[in-house]
């Protein structure tokens, strides 16, 4: 097994499909989750922090953050797959989708919730990371908009919460850009 600093992204070896399939609904042909409702838990923290729409807000341009898991609908997301294999990630509480904000782009840009418009900044794919725990496999969540950019939690400007940005993939500290996926429906 690889150490976390050696994790690489690829297809799962066939002998591990049964063990992983019991914990996460995966389409093994495309290596992506099956449509449903999920929580995304960051591997960057020792405690369980999930992707969360800040303050349970329902409007446009509300930041995506990492926050301790509490089971609220603002921490649950529906996956809607398109014909090209990309997903819209839709917040259960607001029906808005995750959106790589086009107004903030250097060297990272904030991820927000926004009304669906099917733009490439609202479409995502999941890349399984080999070498992580088979019982709770990790993924990187990539944007369709800009090659090499993945969801990354960051604490900026002394804010209490960890904001989530799109940043270039970082293989030096890969855990900060990895998430486990838990089906909750």
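Numbering (the numbering used here), first residue to last: 78 to 262. We put the beta carbon where it would ideally sit given N, CA and C, even for glycine.
Between 175, 118, 226, which lies nearest to residue 136 when the distance is taken from Cα to Cα? The residue you call residue 136 lines up with position 59 of the chain shown. It is 175.
My understanding is that residue 130 touches residue 170, with C-beta atoms under 8 Å, so please give their C-beta distance in whole angstroms. Working through the chain shown from its first residue, we reach residue 130 at position 53. Working through the chain shown from its first residue, we reach residue 170 at position 93. About 7 Å; that satisfies the 8 Å criterion.
Along the beta strand (DSSP E) that carries residue 116, what are the first and last residues, could you check? Numbered from its first residue, the chain shown carries residue 116 at position 39. The continuous beta strand (DSSP E) containing residue 116 extends over residues 114–119.
Classify residue 139 as buried or exposed, calling it buried when 16 or more other Cβ atoms lie within 10 Å of its own Cβ. Taking the chain shown and counting its residues from 1, one reaches residue 139 at position 62. If you draw a 10 Å sphere on the C-beta of residue 139, you find 16 or more other C-beta atoms in it, and that means buried.
Candidates 236, 206, 262, 261: closest to residue 253 by CA position: For this step, residue 253 is matched to residue 176 along the chain shown. For residue 253, the nearest C-alpha among the options comes from 206.
Specify the secondary structure class of residue 131 as computed by DSSP and reduced to three states. Here residue 131 refers to the residue found at position 54 when the chain shown is read from its first residue. Of the three classes helix, strand and coil, the one that applies to residue 131 here is helix, per DSSP.
How about residue 128 and residue 165: do their beta carbons lie closer than 8 Å? For the purposes of this step, residue 128 is taken as the residue at position 51 of the chain shown. For the purposes of this step, residue 165 is taken as the residue at position 88 of the chain shown. Contact: no.
In whole angstroms, what is the alpha-carbon distance linking residue 230 and residue 260? Your numbering for residue 230 matches position 153 in the chain shown. Your numbering for residue 260 matches position 183 in the chain shown. Each residue's alpha carbon lies about 21 Å from the other.
Between residue 141 and residue 241, which are expected to be in contact by the criterion C-beta below 8 Å, what is the C-beta distance as a whole number of angstroms? Numbered from its first residue, the chain shown carries residue 141 at position 64. Numbered from its first residue, the chain shown carries residue 241 at position 164. Indeed, because the Cβ distance is near 4 Å, the residues count as touching under 8 Å.
Contacting residues, own chain, Cβ-Cβ under 7 Å from residue 187 (five flanking each side not counted): Indexing the chain shown from 1 puts residue 187 at position 110. Annotation for residue 187: 140, 178, 181, 240, 242 place their beta carbon closer than 7 Å to its own, counting only its chain and skipping 5 residues before and after.
Cα-Cα separation, residue 159 to residue 123: As a working mapping, residue 159 is identified with position 82 in the chain shown. As a working mapping, residue 123 is identified with position 46 in the chain shown. Cα to Cα, the separation comes out at about 34 Å.
Classify residue 119 as buried or exposed, calling it buried when 16 or more other Cβ atoms lie within 10 Å of its own Cβ. To locate residue 119, count along the chain shown from 1; it is residue 42. By the neighbour-count rule (16 or more Cβ atoms within 10 Å), residue 119 is buried.
CA-to-CA distance, residue 121 to residue 255, given in whole angstroms: Position 178 of the chain shown, counted from the first residue, corresponds to residue 255. Position 44 of the chain shown, counted from the first residue, corresponds to residue 121. For residue 255 and residue 121, the distance between alpha carbons rounds to 7 Å.
Measure from the alpha carbon of residue 214 to the alpha carbon of each residue in 117, 250, 257, 153, then state which is nearest. The sequence position of residue 214 within the chain shown is 137, counting from 1. The shortest Cα separation from residue 214 among 117, 250, 257, 153 belongs to 257.
Measure the C-alpha to C-alpha separation of residue 173 and residue 248 and round it to an integer number of angstroms. Sequence index remark: in the chain shown, residue 173 carries index 96 (1-based). Sequence index remark: in the chain shown, residue 248 carries index 171 (1-based). Using only the alpha carbons, I get a separation of about 31 Å.
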